[in-house]
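Peer 1: If you're matching positions, the sequence shown starts at 92 in my numbering and goes up one per residue.
Beta carbons are placed, not taken as given, at the ideal position from N, Cα and C, and that holds for glycine.
All values reported here derive from a predicted model rather than from experimental measurement.
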Amino acid sequence: MKNLIHEIHRRSLWQVLGIYLVVGWIGLQVVDVLVQNMGLPEWVFPFAIVLLVIGLPIVMATAFVQEGLGSGVRATAAETATPEARPTAPRKLFTWRNAIGGGVAASLLWGGVAIGWFVFGRGADGGSPLVAEVSAADLRSVAVLPFATRAEAGESADVFAEGMHDDVLTQLSKIDSLTVISRTSVMQYAGTTKPIPEIAAELGVATVLEGGVQRAGERVRVNVQLIDAATDKHLWAETYDQELTAANVFAIQSDLARKIAVALRARLTPEVEARIEARPTESLEAYDLYTRGQVLWGRSTTRNEGEAAADLFREAIRVDPGYASAYAALSGLVLGLANRARIPMDQAMAEARPAVERALQLDPTLADAHWAQGQLMYADLRYAEAEQAYKRAIDLNPGYAQAFSSYGALLADVGRFEEAIVMDRRAVELNPLSRSTRANLAFDYAMTRDFERAADQGRKLVQMEPDYPYGYYVLGAALSFKGEHEEAVAASQTSVELDPGDLYNAAGLAYANARAGHRDRALELVADVEERGGELTPWSEIAWIYAALGDRDRAFEYLNRAYETRPGSLRLMGVDPSADPLRDDPRFAELLQKLGLE
92 MKNLIHEIHR RSLWQVLGIY LVVGWIGLQV VDVLVQNMGL PEWVFPFAIV LLVIGLPIVM
152 ATAFVQEGLG SGVRATAAET ATPEARPTAP RKLFTWRNAI GGGVAASLLW GGVAIGWFVF
212 GRGADGGSPL VAEVSAADLR SVAVLPFATR AEAGESADVF AEGMHDDVLT QLSKIDSLTV
272 ISRTSVMQYA GTTKPIPEIA AELGVATVLE GGVQRAGERV RVNVQLIDAA TDKHLWAETY
332 DQELTAANVF AIQSDLARKI AVALRARLTP EVEARIEARP TESLEAYDLY TRGQVLWGRS
392 TTRNEGEAAA DLFREAIRVD PGYASAYAAL SGLVLGLANR ARIPMDQAMA EARPAVERAL
452 QLDPTLADAH WAQGQLMYAD LRYAEAEQAY KRAIDLNPGY AQAFSSYGAL LADVGRFEEA
512 IVMDRRAVEL NPLSRSTRAN LAFDYAMTRD FERAADQGRK LVQMEPDYPY GYYVLGAALS
572 FKGEHEEAVA ASQTSVELDP GDLYNAAGLA YANARAGHRD RALELVADVE ERGGELTPWS
632 EIAWIYAALG DRDRAFEYLN RAYETRPGSL RLMGVDPSAD PLRDDPRFAE LLQKLGLE
C-alpha cells in the first residue's frame with residue numbers, strides 16, 4: 092500500500108485527477124446549456140456523465156503507465172535497444188494519444204446521439220401540422236390550463252381567475268429552458284372534460300398545470316397541481332391561502348413559477364429569477380383594471396370592444412401612473428386597432444409613442460414594452476430598430492409567441508424569408524391553436540411565394556376556426572395567388588359574410604374578383620369600400636386591385652395616398668405578390684426607395 096501511495100505521488104496522479112475533474116466539470120456545463128436550449132431529453136445529460144465516468148479510470152491508468160503529466164521520464168535509446176526493455180503491452184495501449192483519441196470519440200458519440208435525437212427524435216415540422224409534437228421524455232414542455240373559479244361566481248371572479256392564469260403563463264414563459272403553450276391555445280380548454288393525456292397530445296406537451304382560484308372578500312385562495320401527461324400522475328401540488336393584496340397576488344405567481352421550474356428541473360438564472368420576482372404595481376385596483384383590459388382585449392373582435400379595453404388600460408394608468416405593463420398594453424392595443432383600420436394611424440401613433448417610452452422608462456426589462464416598441468418602429472418603417480426591439484422582447488421572454496410572430500412578419504417584409512418562417516413556426520409551436528399565429532404563418536408563406544403551403548395553412552385555419560373571418564381572407568389571398576380564382580372568390584365571400592363591417596375583407600373580395608376577371612364586380616366592391624371607409628379606407632389594398640385590373644395609373648394614385656396617410660400599410664410592398672404587375676414601372680422603384688425597402 093505504501094509503495095502504491097508513493098507511486099501515486101511520484102507520478103503526479105493527483106494533478107491528473109484534478110485536471111480531469113475540472114475539464115469534466117466545464118464539459119458538463121456546456122452539455123447542460125445545450126440540453127436546456129436545444130430542448131434535448133433529460134437522459135442526454137446523464138449520458139454525458141456516464142461517458143466521463145468511463146473515461147476516468149482510462150485516464151488515470153494512462154497517467155500511471157506513462158508516469159504522469161509532464162514527469163519528464165523517458166526511456167533512452169539504449170534502454171529500449173534491448174528486447175526486455177521495449178514498450179510493454181500496457182505501455183503501448185495506455186498512451187496519451189489513445190486517451191485523447193478516446194475522449195474525442197466519446198465527445199463525438201455524445202454529439203451524434205444529441206444531433207440524431209434533435210433531427211429525428213423530436214420530429215421535423217414538415218409544414219407545421221395542426222398541433223405541435225414534442226418528445227414525451229422532455230417534461231419541460233408545459234400547458235397551463237385555464238384556472239377554474241371556485242365558490243364565488245360572477246364576472247369579476249372569472250376575470251380575476253383569467254388574469255391570474257395569464258400572469259402565471261407570462262412568468263413561466265420567461266424561463267428559457269421551458270416551452271410554455273400560450274394563452275390563446277389553452278383558453279380553448281376552459282371547462283373541458285377531456286382527459287389530461289388527450290389535451291397534452293393536442294397541444295404537444297409532456298406536462299399540464301391545472302388549478303382553481305377563489306376570490307372571496309379580502310382573501311384569495313389558489314390551488315394548483317402539475318401533472319405528468321404520460322402517467323396522469325401528480326408531479327407537484329400547492330395551495331395558497333392569503334390576504335387579497337397586489338403584493339400577495341404577485342408573490343403567489345412568482346412562487347408558482349419558481350416551484351414549477353424546480354419540479355421540471357428547469358434552469359433559473361439570477362436575471363430570470365429577478366424578473367419573476369418583480370412587482371408590477373402595488374395597487375390592487377390598478378391590477379384589476381389592467382386584468383379586465385387584457386381579458387377584453389383577448390376576446391375583442393370589434394372596434395368598440397378594442398376601444399373599451401384601451402379605456403381600461405388608461406384607467407389603470409390613472410390609478411397607478413407607474414404601472415409599466417399598462418402603458419405597454421395600451422400602446423400595443425391602439426397600434427393593433429390602427430393596423431386593422433379601426434382607428435386612424437396618426438391617432439394611434441400619437442398615443443402609442445409616449446406610452447412605449449414611459450413603459451421602458453419604468454421597466455427596461457419588460458418584454459411587453461419592447462414588443463410594443465417593435466410594433467411602433469415597425470409602423471414607423473424603422474425596420475432595424477423594430478428588429479432589435481423584437482429580439483430584446485424574445486431575450487427577456489423566450490416563450491413570447493406574439494413577439495416571434497411579429498418578428499417573423501418583419502423578416503418577411505425585408506425579404507429574409509427563411510428566417511421569417513423559422514420565427515413563424517416557433518410562434519405556432521408555442522401557440523399551436525392560435526388563429527392569429529397560424530394566419531401569420533400562412534400569410535408569410537404567401538409572401539415567400541410558397542402558395543401551396545400558404546393555402547394549406549389557410550385550410551387548416553378555417554378548419555380550426557370555421558367562424559374566423561380573417562382565416563377566409565388569408566385563404567382567399569393564397570388561392571388567388573395560386574390561380575384558383577373561383578375558389579378564392581368563394582373563400583373571400585365567406586370572410587365578408589362573417590364580418591361585413593371589415594373593410595379589408597371587402598377589399599379582399601374585390602381583389603379575388605379582379606384576379607378572376609370579374610372587373611365590374613371588383614369595381615363595384617371598391618366603390619363600396621371607399622364610400623364606407625372615409626379616412627380609414629385601406630388605400631394600399633385598393634391599389635393592388637387596380638394593379639390586378641391592369642390600371643397602373645390608378646394603382647399608383649392609391650399607393651401614393653397610402654404613403655401619405657398610412658405608410659406602414661406598404662411595408663410588404665417589396666415582397667407582396669400583389670405588387671408584381673407594377674414592378675417594372677419606374678414609379679415602383681421610387682416608392683420603394685421612399686419606404687426604405689430598397
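CB-CB under 7 Å to Met-538, same chain, minus the five flanking residues each way: which ones, in chain order?
Peer 2: Ala-503, Leu-663, Val-666 and Asp-667
Peer 1: What would DSSP say about Ala-307, mapped onto helix, strand or coil?
Peer 2: strand
Peer 1: Can you tell which of Asp-411, Ala-415, Thr-336 and Thr-382 has the C-alpha that lies nearest to the C-alpha of Ala-399?
Peer 2: Thr-382
Peer 1: For a test of the three-state rule: what should DSSP assign to Thr-240, helix, strand or coil?
Peer 2: strand
Peer 1: Could you tell me the boundaries of the alpha helix (DSSP H) in which Thr-330 lies?
Peer 2: Taken as a continuous stretch (DSSP letters only), Thr-330 belongs to no alpha helix (DSSP H), being part of the beta strand (DSSP E) at 324-334.
Peer 1: Taking the continuous beta strand (DSSP E) assigned at Val-233, which residues delimit it?
Peer 2: Counting along the chain, the beta strand (DSSP E) containing Val-233 begins and ends at 232-235.
Peer 1: Less than 8 Å between the CB atoms is what I'm expecting for Tyr-474 and Leu-501, so what's the real figure, rounded?
Peer 2: Contact check for Tyr-474 and Leu-501: beta-carbon distance about 6 Å, within the 8 Å limit, so the pair qualifies.
Peer 1: Please state the DSSP three-state secondary structure of Asn-314.
Peer 2: When DSSP states are grouped into helix, strand and coil, Asn-314 belongs to the strand group.
Peer 1: Let me know the secondary structure DSSP gives Leu-682 once reduced to three states.
Peer 2: helix
Peer 1: Pick from Val-447, Asp-676 and Val-304: whose alpha carbon is nearest that of Gly-423?
Peer 2: Val-447
Peer 1: Quickly, what does DSSP pair Asp-319 with across the bridge? List them, please.
Peer 2: Thr-298 and Lys-324
Peer 1: Please classify Val-505: does DSSP put it in a helix, a strand, or coil?
Peer 2: coil
Peer 1: Quick one: Cα of Gln-344 to Cα of Glu-368, how far?
Peer 2: When rounded, the distance between both Cα atoms is 9 Å.
Peer 1: Under 8 Å between the Cβ atoms of Asp-535 and Ile-512?
Peer 2: In contact: Asp-535 and Ile-512 (Cβ atoms closer than 8 Å).
Peer 1: Quick one, which of Val-505, Leu-532 and Ser-525 has its alpha-carbon nearest Met-514's?
Peer 2: Selected option, being the one with the closest Cα: Leu-532.
Peer 1: Leaving aside the five residues before and after Ala-477 along the sequence, list all residues of the same chain whose C-beta is less than 6 Å from its C-beta, in chain order.
Peer 2: Closer than 6 Å at the Cβ level, and outside the excluded window around Ala-477, lie Gly-465, Met-468, Tyr-469 and Leu-501.
Peer 1: Quick one: Cα of Leu-387 to Cα of Asp-558, how far?
Peer 2: Straight across, the Cα-Cα distance linking Leu-387 with Asp-558 is about 19 Å.
Peer 1: Examine the Cβ distances between the region 628-635 and the region 559-579 and report whether three or more of them are shorter than 8 Å.
Peer 2: Touching, no, given that fewer than three Cβ pairs across the two stretches are closer than 8 Å.
Peer 1: Drop a sphere of 10 angstroms on the beta-carbon of Trp-116, count the other beta-carbons inside from all chains shown, and report buried for 16 or more, exposed for fewer.
Peer 2: exposed
Peer 1: Would you give the residue range spanned by the alpha helix (DSSP H) that Gln-385 belongs to?
Peer 2: 375-390
Peer 1: Output needed for Lys-685: all residues of its chain with C-beta closer than 7 Å, excluding positions within five of it in sequence on either side, in chain order.
Peer 2: Tyr-654
Peer 1: In the DSSP assignment, find the alpha helix (DSSP H) that holds Ala-530 and state where it starts and stops.
Peer 2: 526-538
Peer 1: Buried or exposed: Arg-540, going by 16 or more other Cβ atoms within 10 Å of its Cβ?
Peer 2: Counting every other CB atom within 10 Å of its CB across the protein chains shown gives Arg-540 a total below 16, marking it as exposed.
Peer 1: At 4 residues or longer, and completely inside the region 403-429: list those alpha helix (DSSP H) runs for me, N to C.
Peer 2: Counting whole runs of 4 or more residues, the region 403-429 contains no alpha helix (DSSP H) stretch at all.
Peer 1: Gln-333: which of Thr-372, Asp-323, Val-363 and Gly-308 sits nearest, CA to CA?
Peer 2: Gly-308
Peer 1: Within the chosen definition, does the region 286-293 reach the region 314-324 through at least 3 CB pairs nearer than 8 Å?
Peer 2: yes
Peer 1: Is the distance from the Cβ of Phe-404 to the Cβ of Gly-384 below 8 Å?
Peer 2: yes
Peer 1: For Thr-700, which beta-bridge partners are listed by DSSP?
Peer 2: A question about residue 700 goes unanswered here, because the residues of the chain that appear run from 92 up to 689.
Peer 1: Over the uninterrupted alpha helix (DSSP H) stretch that includes Ile-636, give me the two end residues.
Peer 2: Annotation: the continuous alpha helix (DSSP H) that includes Ile-636 extends over 630-639.
Peer 1: Could you have a look at Glu-175 and say whether DSSP puts it in helix, strand or coil?
Peer 2: With a pLDDT of only 48 at Glu-175, under 50, the local geometry of the prediction cannot be trusted, and no value is derived from it.
Peer 1: Nearest by alpha-carbon distance to Pro-435: which of Asp-411, Ala-458 and Arg-394 is it?
Peer 2: Arg-394
Peer 1: Distance, Cα to Cα, Asn-604 vs Ala-670?
Peer 2: 16 Å
Peer 1: Given this structure, state the Cα-to-Cα distance separating Tyr-620 from Leu-594, to the nearest angstrom.
Peer 2: It should be pointed out that residue 620 corresponds to Val in this sequence rather than to Tyr. Whole-angstrom Cα-Cα distance: 6 Å.
Peer 1: Is DSSP giving Val-271 helix, strand or coil here?
Peer 2: strand
Peer 1: Measuring CA to CA, which of Ile-266, Ala-239 and Ala-420 is closest to Ser-232?
Peer 2: Ile-266
Peer 1: Among residues of its own chain, excluding the 5 on either side of Ser-703, which ones have a beta-carbon nearer than 6 Å to its beta-carbon?
Peer 2: Any property of residue 703 remains undetermined from this structure, which presents the chain solely from 92 to 689.
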